[in-house]
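Below: one structure, written as structure tokens.
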Amino acid sequence: MIMGASACLGYAVGRVLTCVLVLALAGCTGSSPAAGTRTRSTPSSELVVPSTVSPTPSAQPIQSSGPPASSAQTAALFVPGPDGLPAVVDAGPRDSPRVALTFDADMTPLMLRRLDTGEVASYYNEALIEELRRLRVPATLFLTGLWMQRYPDVTRQLAADPLFELGTHTWQHRAFTADCYGLAQVPASEMLEEVTQAQQMLDELAGSRATRLFRFPGGCYDEAALRAIAPSGMTVIQFDVAAGDGFQHQPDAIVRTVLGGVRNGSIVVLHMNGGNTSPRTADAIGPIVDRLRARGYVLTTVTGLFSS
Ligand SMILES: [Zn+2]
44 MIMGASACLG
54 YAVGRVLTCV
64 LVLALAGCTG
74 SSPAAGTRTR
84 STPSSELVVP
94 STVSPTPSAQ
104 PIQSSGPPAS
114 SAQTAALFVP
124 GPDGLPAVVD
134 AGPRDSPRVA
144 LTFDADMTPL
154 MLRRLDTGEV
164 ASYYNEALIE
174 ELRRLRVPAT
184 LFLTGLWMQR
194 YPDVTRQLAA
204 DPLFELGTHT
214 WQHRAFTADC
224 YGLAQVPASE
234 MLEEVTQAQQ
244 MLDELAGSRA
254 TRLFRFPGGC
264 YDEAALRAIA
274 PSGMTVIQFD
284 VAAGDGFQHQ
294 PDAIVRTVLG
304 GVRNGSIVVL
314 HMNGGNTSPR
324 TADAIGPIVD
334 RLRARGYVLT
344 TVTGLFSS
């Protein structure tokens, strides 16, 4: 059950949820996240949620010079709220034409099996990363622990590239609320470890370039989840634009979604898995970058949004 459900990556196309990973069907209801929870679509789920529902509890960015990239620098940039809960960041300042493109690297036990059986050749979208490098696009990458464990050398290479800022995305991509796009739910007692285990791997592979930036799978969280992970010292990075690249086979659709949603300070969520889960992101990124820059936006990392 855990394996099957955790494998269910529910991706919403428009507002219609579609489960495509077969073993997960039992765990994928196709329904929207539970009402009353603070939920956002993200990595594995691309449901565009209006930014007005965003909680943004306690992000308190501090101005700094230059784009911070280390754990110490990001820790200084975002401080927890007075209630002790992690800061949650949905977007940067709206008075500056900066945009942060972010890319999640999901990995579940089912995805690992697809790699092991050869059904999927790779969940590292190298073409996408090379396109970002070619276009000189800074980006923030949120990596799951299982992904880093599968691609340790790639993780080291990404960490060594000053274009990229690295955060985490849990160990095995389980949801932190019920009814989160069909994702398996991590028990409350395991929430903190799900976060810290991935962070330990990032620290090991990225060293001083590991940040304490974190994104919830499915973008789903509530106060209980925030309280559970508070000891980890993470800053939660959400987004205000979901690119909808999950299971999207039309690059133009991804381009239109991003261009239609971006404004000053936007944080855009895309994916760097490739394979069957985000097959056309690499084809969409060039037009996205070109058109955003033509509109006058400066592309930067998440922390770069808050830098002076
Ligand atoms: Zn994800």
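Each position in the sequence shown, counted from 1, maps to that position plus 43 in this note's numbering. Backbone N, C-alpha and C define an ideal beta-carbon position, used for all residues, glycine too.
Beta-carbon proximity list for S321, same chain, < 8 Å, skipping 5 on both sides
Closer than 8 Å at the Cβ level, and outside the excluded window around S321, lie N168, D288, G289, F290, Q291, L313, H314, M315.
- request: Return the residue from the list G303, T278, A273, E174 that minimises the CA-CA distance to A286.
  value: The candidate whose alpha carbon is nearest that of A286 is G303.
**Prompt:** To the nearest angstrom, how far is it from the Cα of Y224 to the Cα of C263?
**Reply:** Going from the Cα of Y224 to the Cα of C263 covers about 9 Å.
Next item on the list: Verify the contact flag: P260, CB atom, against every heavy atom of ligand 1, threshold strictly below 6 Å.
Entry: Checking every heavy atom of ligand 1 against the Cβ of P260, one is found closer than 6 Å.
- [ ] Rounded to whole angstroms, what's the CA-CA distance from V163 to M154? Just pull it up for me.
- [x] Near 8 Å, if we compare the C-alpha coordinates of M154 and V163.
| Endpoints, beta strand (DSSP E) assigned at D147 | Residues 141 to 148.
Subject >> Proximity test, D147 beta-carbon vs ligand 1 heavy atom, cut-off 6 Å >> reply: At least one heavy atom of ligand 1 is found less than 6 Å from the C-beta of D147.
| Helix or strand or just coil, what does DSSP make of R352? | The chain is shown from 44 up to 351; residue 352 falls before or after that span and cannot be answered.
Close-in-space but distant-in-sequence residues of the same chain around L335 (CB under 7 Å, 5 per side omitted)
Non-local C-beta neighbours of L335 in its own chain, meaning closer than 7 Å and more than five positions away in sequence, comprise V142, V305, L342, ordered along the chain.
* Asked: Straight-line CA distance for Q7 to D147?
  -> Residue 7 is absent from the model: the chain starts at 44 and stops at 351.
Handout entry: Nearest residue (CA-CA) to T344, options G308, A170, A203, E236
Key = The alpha carbon of T344 has as its nearest neighbour, out of G308, A170, A203, E236, the alpha carbon of G308.
Discussion item. For A186, which residues in the same chain have their Cβ closer than 7 Å to its Cβ, ignoring the five residues on either side in sequence?
Written reply: In the sequence under discussion, the amino acid at residue 186 is Leu, which differs from the Ala named in the question. For L186, where only same-chain residues beyond five positions count, the Cβ hits under 7 Å are A148, T198, L209, T211, H212, L245.
From F219 to M234, what distance separates their C-alpha atoms? In this structure, the CA atom of F219 is about 7 Å from the CA atom of M234.
Got a sec, what are the start and stop residues for the alpha helix (DSSP H) T239 sits in? DSSP places T239 inside the alpha helix (DSSP H), whose first and last residues are 234 to 249.
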